[in-house]
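K.L.:
Residue 0 is where the sequence shown starts when you use numbering that gives the first Met the number 0, and the numbers rise one by one after that. For glycine and all other residues, C-beta sits at the position ideal for the given N, C-alpha and C. All of these numbers come straight from a predicted model, not from anything done at the bench.
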Amino acid sequence: MPVPPSNMNQQLGDLLETGKGADVVFEVAGQTFAARSPVFSVELYGPMKESEPTGVVCVQDMEAQVFKALLRFMYTDSLPKMEEEEGVMCQHLLSPSSSAITSGATSGYYLLVVEGYSRTKDTVPNGDFIRSRPFRVGGYRWVIDYYPNGESSDDADSISVSLQLDQDSERPFMAHYEFSFIDETERQKSTHICSEALFDFSDDNRWGYTNFIRREELEKSKHLKDDCFTIRCDIILKKDGSNTTGDDVAAPLVAVPPSDMHRQFTDLLLTKVGADVTFQVGGETFAAHRCVLAARSTVFMVELFGPMKEGATTASVHISEMVPEAFKAMLAFIYNDTPPPETEEDEDGKVAMWQHLLVAADRYDLPRLKLICEEKLCGHIGVGTATTILLLADKHHCRGLKEACLEFLSSPANLEEVMEHGGLEDVVGTCPSVLVELIAKLALLRTQEATPSSSTSRFRSIFPQFFAKP
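1. Going by C-alpha to C-alpha distance, which of THR122, GLY137, PHE128 and ILE380 sits closest to TYR109?
2. Tell me LEU236's beta-bridge partners as DSSP assigns them.
3. How far does the beta strand (DSSP E) with GLN279 in it reach, from first residue to last?
4. Skipping 5 residues on each side, what residues in its chain have a beta carbon closer than 7 Å to that of GLN166?
5. Note down, in chain order, each residue of its chain lying with its Cβ closer than 8 Å to the Cβ of ASP393, except the 5 sequence neighbours on either side.
6. Look up VAL112 in the DSSP assignment and say whether it is helix, strand or coil.
7. Near GLU436, which residues of its chain fall below 7 Å by C-beta distance, leaving aside the five closest residues on each side in sequence?
8. For the alpha helix (DSSP H) containing LEU267, name the first residue and the last one.
9. Considering only DSSP beta bridges, list what ILE318 is partnered with.
10. State the beta-bridge partners of GLU144 as determined by DSSP.
11. Does DSSP put VAL136 in a helix, a strand or coil?
12. Could you please give the first and the last residue of the uninterrupted beta strand (DSSP E) stretch that includes TYR208?
13. Which residue wins for smallest C-alpha separation from ILE230, given the options ASP144, LEU269, VAL301 and HIS355?
14. What is the DSSP secondary structure of VAL41, reduced to helix, strand or coil?
15. Using only the alpha-carbon positions, how far apart do GLN163 and VAL142 sit?
16. Using 8 Å as the cut-off, can you tell me whether the segment 350-361 makes contact with the segment 311-326, which would need three or more C-beta pairs spanning the two stretches below that distance?
17. Mind checking GLY107: buried by the 16 CB within 10 Å criterion, or exposed?
18. What does the Cβ neighbour count give for ALA196, buried or exposed, with the cut at 16 atoms within 10 Å?
19. By DSSP, does ASP199 sit in helix, in strand, or in coil?
20. For PRO4, name the three-state secondary structure that DSSP assigns.
21. Taking the straight line between their C-alpha atoms, what separation do you get for ARG214 and ASP156?
22. Quick one: residues in its chain with C-beta nearer than 8 Å to the C-beta of VAL2, no 5 flanking neighbours on either side, listed in chain order?
23. Report back the beta-carbon spacing between TYR176 and PHE198 to the nearest angstrom; my notes put them in contact at under 8 Å.
24. So is LYS221 buried or exposed if we call it buried at 16+ other beta carbons inside 10 Å?
25. So which of VAL113, ALA385 and LEU391 has the shortest CA-CA distance to SER258?
26. Go to HIS355, then tell me how far its alpha helix (DSSP H) extends in each direction, as first and last residue.
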């Protein structure tokens, strides 16, 4: 059951477009400004905060379309399409945000961030590639091609990467290059390449690695985190001047760091700045922000902003039938789109936690978290847990998890152990329809067996009507 990539940016962008929960006015606005800009944090929540009586903040010395683009970036960490006067717009945006990172004119590096690795692997066939945005090193434009399923049939089980110029160069163009994985994008060293090999990038030459890493190896490595990994490409131009032409103007490399929205929203949750609703769960209190919850959950949208909204006067909402630990983990996921780490609990404790979290995700319509819980529980299916997880999967319509449980129980050896421990009693008593599905699998298994196993024979003796020949 593939877990889809994060769509937190899209959900927050929808919040901006709809204006739901907005409590301050620029052009369009919302309380989450404090999460995305320290300047707004001071202006809206500091000692000299603006707009307390009216909810209106006047911004001077800035054009309307620039502020609109800035606002969108705060919510989505991406800029709108700017086809005309793009350079002028970016100059305006640079001033109110922050300075760029630059490096030398004859060397530099580029960070290729691959988000949604699973999706690229499933949708881009062998031989096809995804091209990076053009970037500049040494006054030249470059691009990187990323092949999720390999460049050729010989490399179909690997990832391929290649580097090439994104402009014409008729004369020989020599440079060193190197690809490497990085795990901490914030702590990058200056460009350094150990190899002394030079490569000619003229005449559309491409250089790289057809088998950069096997996908199986990547998926087991620490490089892949939250379905995302980052490759660094270092480039050093030959220093003898042969690469320079009169038309080339040395331009600095601008290294754009990866999005840090998840960290910023986590900080917002932890500091409780601007929190406007509290939840009482099992004797514990949790502070949160209505608009963030509404952006991420359609259920919270209805509960907090719909006609029957809760906590309108008291700003406090009571949650029943949920353990505090599960609500806390769900709240953290809403803010950072990252599942909770595995704890040091025993096997039963881990299974119980993922079960509670799955129920919470289903209750508040968080499909990605629900799939993550399904995936985790698939790894904990065993003799002592199979039937419990099966009933949970059936109740909350988890098709993949349910199928995994039925597959486990259709094994004669596994079924024998489960029956010896009385594990099927709950299924018989509470959900006979699931039992029918299991019996159908066993009946199919029997038709494929030359000699039925003892477990299927025993099962058949208990439920003979399901095994009778038509």
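P.N.:
Checking against the coordinates, here is how it stands:
1. GLY137
2. ALA174.
3. 276-280
4. TYR139 and ARG140
5. LYS401, CYS430, SER432 and VAL433
6. strand
7. Same-chain partners within the cutoff: LEU405.
8. Residues 260-270.
9. VAL280
10. One detail in the question is off: residue 144 reads as Asp in this sequence, not Glu. Beta-bridge pairing links ASP144 to ARG130 and SER161.
11. Looking at VAL136 - three-state DSSP - the assignment turns out to be strand.
12. 206-213
13. ASP144
14. Interpretation of VAL41 is limited by its pLDDT of 47, a score under 50 that renders its predicted location unreliable; no figure is taken from the coordinates.
15. 6 Å
16. yes
17. That one is buried.
18. Exposed.
19. strand
20. coil
21. 6 Å
22. SER117, ASP226, ARG367, LEU370, ILE371 and GLU374
23. 6 Å
24. It counts as exposed.
25. VAL113
26. 346-362
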